[in-house]
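Comments concern the structure below.
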Amino acid sequence: FYEIINKGGRNFIMNASNVTTEDRVYAGVFGCIMVIGLPLNAVALWILLRRHSLKSPNAVFMVNLALSDLLVIISLPMRIYFHATREWPLSNMACQFITMLFRNNLRSSAFFITFISVDRLLAVVYPLRSRHLRTSSNAWKGAAMVWLFVLVLNVPETLDFLKNANSSCFDFSPERRPGLTKGIAFLYLVLIVTMLAVNIVCTVTVSWVLRRHLSDSAINNKMNVMLIFVMNLVLFAICFLPLSIGVVTVKPTELKDLSDSAKVNNKMKVMLIFVMNLVLFAMFLPVPIGMAAHAKEIKPLVCLTVSNCCLDPLLYYFSFDSFWKKKEDATNGGEM
Numbered sequence: 002f003y004e005i006i007n008k009g010g011r012n013f014i015m016n017a018s019n020v021t022t023e024d025r026v027y028a029g030v031f032g033c034i035m036v037i038g039l040p041l042n043a044v045a046l047w048i049l050l051r052r053h054s055l056k057s058p059n060a061v062f063m064v065n066l067a068l069s070d071l072l073v074i075i076s077l078p079m080r081i082y083f084h085a086t087r088e089w090p091l092s093n094m095a096c097q098f099i100t101m102l103f104r105n106n107l108r109s110s111a112f113f114i115t116f117i118s119v120d121r122l123l124a125v126v127y128p129l130r131s132r133h134l135r136t137s138s139n140a141w142k143g144a145a146m147v148w149l150f151v152l153v154l155n156v157p158e159t160l161d162f163l164k165n166a167n168s169s170c171f172d173f174s175p176e177r178r179p180g181l182t183k184g185i186a187f188l189y190l191v192l193i194v195t196m197l198a199v200n201i202v203c204t205v206t207v208s209w210v211l212r213r214h215l216s217d218s219a220i221n222n223k224m225n226v227m228l229i230f231v232m233n234l235v236l237f238a239i240c241f242l243p244l245s246i247g248v249v250t251v252k253p254t255e256l257k258d259l260s261d262s263a264k265v266n267n268k269m270k271v272m273l274i275f276v277m278n279l280v281l282f283a284m285f286l287p288v289p290i291g292m293a294a295h296a297k298e299i300k301p302l303v304c305l306t307v308s309n310c311c312l313d314p315l316l317y318y319f320s321f322d323s324f325w326k327k328k329e330d331a332t333n334g335g336e337m
């Protein structure tokens, strides 16, 4: 079905079959994500670097998240070409590089979203006691550890990748995932579930603190806050519950700096950030579950996860009171 063609000393992976409707859909979805996500993240990264001081840990994590999203998007053109033609004209090494670039930055995005939630939790619940922890220096150290960790994961994956030279590039069939890669899939699942738990704890804690400090006169705003809670529950029911039931019931072989005196509108903005974090995390969860369950076909889940690159810029916008203002104004205006 797949064949290796040697030209000029390099192996070219090609598929003799015709392009299917499924392939065209994948190519279209990845194309739309690239067209929308590339300018959004490029503009967001430019604004964060040029108009906001990187002295804020929140800004540091968001710069790294925007960079991570951009690297994912940069890896998409060859995926689009592959699904549109079912041919891989480059070498095996190029396939390996693009695959690792794609995986690394999806993994790092999950970490950075979690760091943003923890940073917001400390800013809201422990604004004074966490001041020595919430520094740009610590934020850069945390970001460096994330990048180092995802690079370390490349070592066993690279070894397994070389053992599958006769497989198609971007093929996620379980037969091409030897022991080490399967172990990494389970490790990633554990990490994703752990980070999801951290995001939920952060959201619940901040919800309780903000609700406790709402005045009795702000009845309408209280209703708005409760509406956000309801939306959160609905999103969980839609994003998490069906997949969790499916994983349990389907056989694996069948699975294819805010203070207490902050204003109410700022409190609601903080809650919106946490809800968005949970929604974005819900988009990460299906892929590691599918990989750990030996799914025969997880490409639709990959499409769902990659689409978070188009939603992350909304997180940047709502996380800063003055996203479009210059550094001096943003610093004086008070980044959250």
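Positions 2 to 337 (the working numbering) are the ones given, in order, by the sequence shown.
Virtual Cβ for every residue (Gly too), placed ideally from N, Cα, C.
Owing to the predicted nature of the structure, the values given are computational and were not obtained by experimental measurement.
The residues Val147, in chain order, have a CB closer than 6 Å to that of Phe112 in the same chain once the five nearest residues on each side in sequence are set aside. Taking each of Gly184, Arg212, Thr159 and Val205 in turn and checking the Cα distance to Ala95, the smallest one comes out for Thr159. Excluding sequence positions up to five before and after Val20, its CB lies within less than 8 Å of the CB of His84, Ala85, Thr86 and Arg87, all in the same chain and listed in chain order. Between the alpha carbons of Ser208 and Val119 lies a gap of roughly 14 Å.
The alpha-carbon of Asp70 is positioned some 10 Å away from that of Leu312. DSSP places Arg135 in no alpha helix (DSSP H); its state is neither H nor E. For the segment 65–98, the continuous alpha helix (DSSP H) assignments of 4+ residues that do not extend past its boundaries occur at 77–86, in sequence order.
Residues of the same chain with a CB within less than 7 Å of the CB of Leu188, apart from the 5 flanking positions on each side, do not exist. Inter-segment contact for the segment 91–107 and the segment 36–54 is absent: fewer than three beta-carbon pairs are separated by less than 8 Å. Distances from the CA of Ile99 to each of Leu72, Arg132 and Leu134 were compared; the closest alpha carbon is that of Leu72. Assigned with DSSP and collapsed to three states, Ser308 falls in helix. If you draw a straight line from the Cα of Leu197 to the Cα of Thr115, it is about 8 Å long. Residue burial annotation: Ala145 is exposed, with fewer than 16 other C-beta atoms found within 10 angstroms of its C-beta. Looking at Ile37, Tyr82 and Pro58, the one whose alpha-carbon comes closest to that of Asp24 is Tyr82. DSSP, reduced to helix, strand and coil, places Pro128 outside both helices and strands of the structure shown, so it counts as coil. Counting along the chain, the unbroken alpha helix (DSSP H) around Leu50 starts and ends at Thr22 to Arg52. By a beta-carbon distance limit of 8 Å, Leu68 does not contact Ala60. Their separation comes to about 13 Å. With a threshold of 16 other beta carbon atoms within 10 Å, Cys203 meets it and is buried. Look at Ser57 here: in three-state DSSP terms it is coil, with no helix or strand label.
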